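K.L.:
Here's a structure for you.
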Amino acid sequence: MSVPSHPTDVVSNGNGKSAEGEVIAVPLGESAQEAFRRLTERPADLLRFATAGSVDDGKSTLIGRLLYDSKQVLSDQLAHVEQASERMGHDFLDLSLLTDGLRAEREQGITIDVAYRYFATAQRRFIIADTPGHEQYTRNMVTGASTADLAIVLIDARKGVISQSKRHAFISSLLGIPHVVVCVNKMDLVDFDEGTFEKIVEEFDDFAARLEMPDVTFIPISALLGDNVVDRSDSMPWYQGPPLLYHLEHVHIASDRNLIDVRFPVQSVIRPPSSSVADYRAYAGQVAGGVMRPGDDVVVLPSGRRTTIAAIDTFEGEVQEAFPPMSVALRLTDDVDAGRGSMIVRTHNQPTVANGFECLLCWMSEQPLSPRRRYLVKHTTRTVMVGSVDVRYRIDVESLRRDEDVQTLELNDLARVQLQLSAPIAFDSYRRNRVTGSLIIIDEATNETVAAGVILDTEVEGVLEEPKTERSPNVKWQGSRMTRARRREALGHGGATLWFTGLPGAGKSTVAAAVEERLVEAGQPAFLLDGDNLRHGLNGDLGFDEDARSENVRRTAHVARLLAESGTIALVSLVSPYAADRASAAALHAAEELSFLEIYVNAPLELCEERDPKGLYARARAGELAGLTGVGAPYESPVNPDLVLCSDETVEQEVERVMELLAARGLVKLES
Amino acid sequence: MPATYHLTHLRTLESEAIHAMREVVAEFERPVLLFSGGKDSIVLLRLAEKAFRPAPLPFPIMHVDTGHNFPEAIEYRDRRVRELGERLIVASVEDSIREGRVVEQTGPRASRNGLQTVTLLDAIAEHGFDAAFGGARRDEERARAKERILSFRDEFGQWEPQRQRPELWALYNGRIRKGEHARVFPISNWTELDVWQYIAEEDLEVPSIYFAHDREVFERDGMLYAVSPFIELMADEKPYTSTVRYRTVGDMSCTGAVESSAATLAEVVAEIAATEVTERGQTRADDKVTEAAMEDRKRQGYF
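In the order they appear, the protein sequences are chains S and C. Adding 54 to a residue's 1-based position in the first sequence gives its number in my numbering. Adding 936 to a residue's 1-based position in the second sequence gives its number in my numbering.
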């Protein structure tokens, strides 16, 4: 029995490598030690993806093909598929049978539940949440999508973008999946026609434009024949992109986590009997956001008690930092009233604490929402009673229309609701943090999980603690008669802010000054805002503690913004060690739709210390200078900077890289 | 300072498992950890240490002993629990037979594997456990691909696939009624290779039968079984000595050995990475009986 493929297409990958995906299998002749070393020395990361599509779209065949072509199907599984294919009267190996599940599903030929599959290549380990696509199983797709980094939406090339494709796209966007791959399948049945593919891409883009979808990739495939699944297709030379597996192996997911807002929901208190370990008390939990370090000032919500992280413990011992998704135990310097359901956050970056907010709900129970039933919300590690669920409108997933004439919610309904709780919770919007922005609703009588919700970015009611805001809310911005477009036209150039961040001595000012010179000489006004210079005047009243550093950054950001607005390229050279402060500076520009480019001048600490242009490191090491970033105070590296300069090039080369970035963003024209 | 805050896939899986164990201990009243001395439960026990040390484990450890286990696994079990200074409960199938709760099968294909279910459910009821940690993984078998991390069992200990709760994000709903209990599978998302790599990284001791050794075996239904007092030879079955190791640790009566020369953890990892047959397909007769064998046993309340 054979696997369908092109007549000329020899199944190429033997035991080692395929054209694109290097597969974990021991090549002949490799010793056990070599194989072990190869597996352990290059540790892989983990990508979770959800697949959506109905039986007809060829979803099971696609998954079967991915597993088969990447050599993950073992001989006993294959034997089972052979027998089953024969029983069904096929004269080929039906790869979709690799993924069939429970007996009820086999008998009815449908999928009724999320199934999880596993495979690995040398680059990554993969977890597939295989979710059924029919309308009545929105619930399952929401479940599978909740933990996914990436969603594969399957579209039948013959049918184009149908209502189910829209449903899948909508749910992916709702669940905040950062990456979407649209696989246009069955290309073999449309003669591998580029025009058909392009038309589907256009249709999908039209629909997706109304959703929030940061990263969408389109791949034309034939799951049945294997085109562009693991191996590149010979039948579609017009397609320049990578095959699906290559994309899955290389899509960048590290920056999808929130490493800015420190969020630590406490699961439990670890307190051994005093006979074994004297006075040990630690708060166990999994980091839900941000990077935590010993010495950090924190506040415990909802009590509001302030304290400091004394140590971060793991089974292996203390660690110097903890980030998502690490499970650790925190010790605090003070005896505060914290326990399960508390959330530990940074003092200067707090979530909203409120008992009312808006969220999008997916109703998952056959029992409709009823005002007579008592519900509970589980959010992070906290469970509270629901006061009321006020349905604002239901969303028709296919048309995206709102149906405001609804009182209740039924199985598979998606709706926007106002949720009122009996006690406050500490939360972020789901868009900002998938852990602190998600919740489930439990029916108190049946204990069933009846709904899943994502918290929306809206004004909140019943706010107990105001988030940090401007102190002069009533001062209105005075309108200028000059619009940005008119200014730009008259001056012949626009403005922007380039934010150079890095350790003291990394070379920020050197390269920023050189860029300034280059721009001004080319006729583009530019102005260097150097951290040290600003501290002589505008920021002369500020010290170097955490709050003063934040304030230093805030003021500098505002000056840069004004310069950028005026048509100047502001070059900020500032250590700016805290990611949250830099994010605020970026947000300030984003709110005005001004370009803000973060440039990470990434020189190793040893090199900065060796250069030590101001003698700061020498003084810090001698104990004369406390809190120098890199020595006595932390530096939070940018997660996703626009440019990284690694101090392995000359200043001229670095200037060139900055100029290329400016040109690429349309901010200056490069002379050829 | 790392430029990107990166966890390997194993440490990500570890962290998620620790989170799930801590959630269950916080939300249930009387959890228990099922420990057989097999590789998956060895990993589970290490994860429990990671989740709760320096405190004692907040639950006892329980083994359902069929009386047909490998002596090496039993010896290891007792030693490991002693080292940890924790409490071990042994629920014995032998006792269930003596008390007439179950009836022993007879003949050359007799196995106590199915009888464990009654002993397990009786022990859960007797001790009032409301959550039982187990080392099952979704990659083991097709019926398990849809299993939840928290899997609910009704008052008869039965699993109803259609009635399982949706599991979103890492928000586990741990609410149950009196008499019901949950099976908890913190390493659901691990593969066999993950388990071995983790054992190697953590340098965990495992029972010696996981490594190649000489053993008297005979062939039946394409599998190699150990000659033991618990299994009757059929007329045409001829024992011989071979160098074998075990991929799973179950009853001597239904666990097959594989021919192997892997004598170290590194060699085992390499062998698993290159294997062409699944763990259950190669070594577990209990899953071979019918196509839906595992699904049926799960419904009745099996692990």
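No residue lacks a Cβ here, since even glycine has one placed at the ideal position from N, Cα and C. Since the model is a prediction, treat every value here as computed from it, not as a measurement.
1) Does the separation of the CB atoms of S:V168 and S:V207 fall below 8 Å?
2) Going along the chain, which residues of its own chain have a beta-carbon closer than 6 Å to the beta-carbon of C:S1144, five neighbours each way excluded?
3) Counting only runs that start and end within the segment 609-644 of chain S, where is the alpha helix (DSSP H) found for 4 or more residues in a row?
4) Along chain C, which residues have their Cβ under 9 Å away from the Cβ of S:A98?
5) Can you give me the Cβ contacts of S:P658 inside the same chain, cut-off strictly under 8 Å, excluding the 5 residues immediately before and after it?
6) Anyone know if the C-beta pair for S:L721 and S:A614 falls short of 8 Å?
7) Under a Cβ-count criterion, where at least 16 other Cβ atoms within 10 Å of its own Cβ denotes burial, should S:D242 be classed as buried or exposed?
8) With the cut-off set at 8 Å, would you say S:A176 and C:H942 are in Cβ contact?
9) Quick test of your reading: S:P378 and S:I363, contact by CB under 8 Å. State the CB separation rounded to the nearest angstrom.
10) Could you tell me which of S:V705, S:F554, S:E664 sits nearest to S:Y654, measuring between CA atoms?
11) Distance, Cα to Cα, S:V373 vs C:A1136?
12) Please work out which residues of its chain come closer than 7 Å, Cβ to Cβ, to C:R1156, disregarding the five sequence neighbours upstream and downstream, and give them in chain order.
13) Using the three-state DSSP reduction, which class does S:Y671 fall into: helix, strand or coil?
14) In chain S, which residues lie with their C-beta within 7 Å of the C-beta of C:Y941?
15) If I follow the unbroken alpha helix (DSSP H) through C:D1014, where does it start and stop?
16) Closest to S:P356 by C-alpha separation, out of S:M418, S:R455, S:F481, would be which residue?
17) Figure out for me which residue from S:E452, S:F650, S:T271, S:P297 has the closest Cα to the Cα of S:K220.
18) What does the alpha-carbon distance come out to for the pair C:T1002 and C:N1109?
19) Can you list the beta strand (DSSP E) stretches of 3 or more residues lying completely in the segment 339-425 of chain S, in chain order?
20) When you check each C-beta in the segment 1137-1157 of chain C against every C-beta of chain S, which residues fall closer than 9 Å?
21) Do the CB positions of C:L1107 and S:K432 come within less than 8 Å of each other?
22) Could you pull out every residue in the same chain whose Cβ sits closer than 7 Å to the Cβ of S:A567, ignoring the five residues on either side in sequence?
23) Got a sec, what are the start and stop residues for the beta strand (DSSP E) S:G507 sits in?
24) Please name the residue in C:I1025, C:E1152, C:D1187 whose C-alpha comes closest to that of C:A1068.
25) For S:N282, count neighbouring Cβ atoms within 10 angstroms of its own Cβ and tell me buried if that reaches 16, exposed if not.
26) Quick check: what's the CA-CA separation for C:D976 versus S:Q131?
27) Quickly, what does DSSP pair S:I273 with across the bridge? List them, please.
28) Buried or exposed, going by whether 16 or more other CB atoms sit within 10 Å of the CB of S:L454?
29) Please list, in chain order, all residues of the same chain as S:D601 whose beta carbon is under 8 Å from its beta carbon, the five residues on each side excluded.
30) Looking only at C-alpha atoms, which of S:V382, S:E663, S:V565 sits nearest to C:R989?
31) To the nearest angstrom, report how far apart C:L1104 and S:M195 are at their CA atoms.
32) Under 8 Å between beta-carbons, which chain S residues line up against C:I1112? List them in chain order, please.
33) Taking S:L265 as part of the alpha helix (DSSP H), name the residues at either end of that continuous run.
34) Looking only at its own chain, which residues have a Cβ that is under 6 Å from the Cβ of S:Q460, when we skip the five neighbours before and after it?
35) I'd like the list of long-range same chain contacts for S:R102, defined as Cβ closer than 6 Å, with 5 residues on each side in sequence excluded.
36) Does the separation of the CB atoms of C:R1119 and C:R1073 fall below 8 Å?
P.N.:
The short version:
1) Position 114 of the first sequence, counted from the start, is the residue given in the question as residue 168 of chain S. Position 153 of the first sequence, counted from the start, is the residue given in the question as residue 207 of chain S. It is not a contact, given that the beta carbons lie outside the stated cut-off.
2) For the purposes of this step, residue 1144 of chain C is taken as residue 208 along the second sequence, with counting starting at 1. Excluding sequence positions up to five before and after C:S1144, its CB lies within less than 6 Å of the CB of E1008, all in the same chain and listed in chain order.
3) The segment 609-644 of chain S is shown to contain no whole alpha helix (DSSP H) run of 4 or more residues.
4) For the purposes of this step, residue 98 of chain S is taken as the residue at position 44 of the first sequence. Per Cβ cutoff of 9 Å: T944, H945, L946.
5) The sequence position of residue 658 of chain S within the first sequence is 604, counting from 1. Excluding residues within five positions, the ones whose Cβ falls inside 8 Å are S701.
6) Residue mapping note: residue 721 of chain S aligns to position 667 of the first sequence, counting from 1. Residue mapping note: residue 614 of chain S aligns to position 560 of the first sequence, counting from 1. No, Cβ-Cβ distance for S:L721 and S:A614 is not below 8 Å.
7) Indexing the first sequence from 1 puts residue 242 of chain S at position 188. Buried: at least 16 other Cβ atoms inside 10 Å.
8) As a working mapping, residue 176 of chain S is identified with position 122 in the first sequence. As a working mapping, residue 942 of chain C is identified with position 6 in the second sequence. It is not a contact, given that the beta carbons lie outside the stated cut-off.
9) For this step, residue 378 of chain S is matched to residue 324 along the first sequence. For this step, residue 363 of chain S is matched to residue 309 along the first sequence. Not really, about 16 Å apart at Cβ, beyond 8 Å.
10) Translated into the one-based positions of the first sequence, residue 654 of chain S becomes position 600. The option with the nearest alpha carbon to S:Y654 is S:F554.
11) Start at 1 with the first residue of the first sequence, and residue 373 of chain S comes out as number 319. Start at 1 with the first residue of the second sequence, and residue 1136 of chain C comes out as number 200. Between S:V373 and C:A1136, the C-alpha separation is close to 22 Å.
12) Residue mapping note: residue 1156 of chain C aligns to position 220 of the second sequence, counting from 1. Taken in chain order, the residues that qualify are E1173.
13) As a position in the first sequence, residue 671 of chain S is number 617, starting the count at 1. Three-state DSSP puts S:Y671 in a helix.
14) Counted from its first residue, the second sequence places residue 941 of chain C at position 5. For C:Y941, the C-beta contacts it makes with chain S under 7 Å involve L313, V345, F377, in order along the chain.
15) Taking the second sequence and counting its residues from 1, one reaches residue 1014 of chain C at position 78. That run of the alpha helix (DSSP H) goes 1007-1020.
16) As a working note, residue 356 of chain S is residue 302 in the first sequence. Nearest option by C-alpha distance: S:F481.
17) As a first step, residue 220 of chain S must be located in the first sequence, where it is residue number 166. Ranking S:E452, S:F650, S:T271, S:P297 by Cα distance to S:K220 puts S:E452 first.
18) Reading the second sequence from its first residue, position 66 is the one you call residue 1002 of chain C. Reading the second sequence from its first residue, position 173 is the one you call residue 1109 of chain C. Each residue's alpha carbon lies about 33 Å from the other.
19) Listed in chain order, they are 351-355, 359-368, 371-373, 381-386, 397-400, 406-417.
20) Answer in chain order: E1137.
21) Stepping through the second sequence from its first residue, residue 1107 of chain C is reached at position 171. Stepping through the first sequence from its first residue, residue 432 of chain S is reached at position 378. Cβ distance < 8 Å, so C:L1107 and S:K432 count as in contact.
22) The count along the first sequence starts at 1 and reaches residue 567 of chain S at position 513. Correct list, in chain order: L582.
23) Here residue 507 of chain S corresponds to residue number 453 of the first sequence, with the count starting at 1. For S:G507, the uninterrupted beta strand (DSSP E) segment begins and ends at 503-509.
24) For this step, residue 1068 of chain C is matched to residue 132 along the second sequence. The residue among C:I1025, C:E1152, C:D1187 with its C-alpha nearest the C-alpha of C:A1068 is C:I1025.
25) Numbered from its first residue, the first sequence carries residue 282 of chain S at position 228. Per the 10 Å Cβ criterion, buried.
26) Numbered from its first residue, the second sequence carries residue 976 of chain C at position 40. Numbered from its first residue, the first sequence carries residue 131 of chain S at position 77. In this structure, the CA atom of C:D976 is about 22 Å from the CA atom of S:Q131.
27) What you label residue 273 of chain S is simply residue 219 of the first sequence in a count that begins at 1. Assignment of beta-bridge partners to S:I273 by DSSP yields S:C237.
28) As a working note, residue 454 of chain S is residue 400 in the first sequence. S:L454 should be labelled exposed.
29) Here residue 601 of chain S refers to the residue found at position 547 of the first sequence. Cβ within range, chain order: H402.
30) In the second sequence, the residue the question calls residue 989 of chain C occupies position 53. Comparing Cα positions, the closest option is S:V382.
31) Along the second sequence, read from residue 1 onward, the residue named residue 1104 of chain C stands at position 168. Along the first sequence, read from residue 1 onward, the residue named residue 195 of chain S stands at position 141. In a straight line, the C-alpha of C:L1104 is about 10 Å away from that of S:M195.
32) Reading the second sequence from its first residue, position 176 is the one you call residue 1112 of chain C. Residues of chain S passing the Cβ test: N501.
33) By one-based count along the first sequence, residue 265 of chain S stands at place 211. Here S:L265 belongs to no alpha helix (DSSP H), and DSSP marks it neither H nor E.
34) In the first sequence, the residue the question calls residue 460 of chain S occupies position 406. The question names Gln, but residue 460 of chain S in the sequence shown is Val. Correct list, in chain order: V445, R448.
35) Here residue 102 of chain S is taken as the residue at index 48 of the first sequence, counted from 1. Excluding sequence neighbours, S:R102 sits near I181, T201, A202, D203.
36) Translated into the one-based positions of the second sequence, residue 1119 of chain C becomes position 183. Translated into the one-based positions of the second sequence, residue 1073 of chain C becomes position 137. No.
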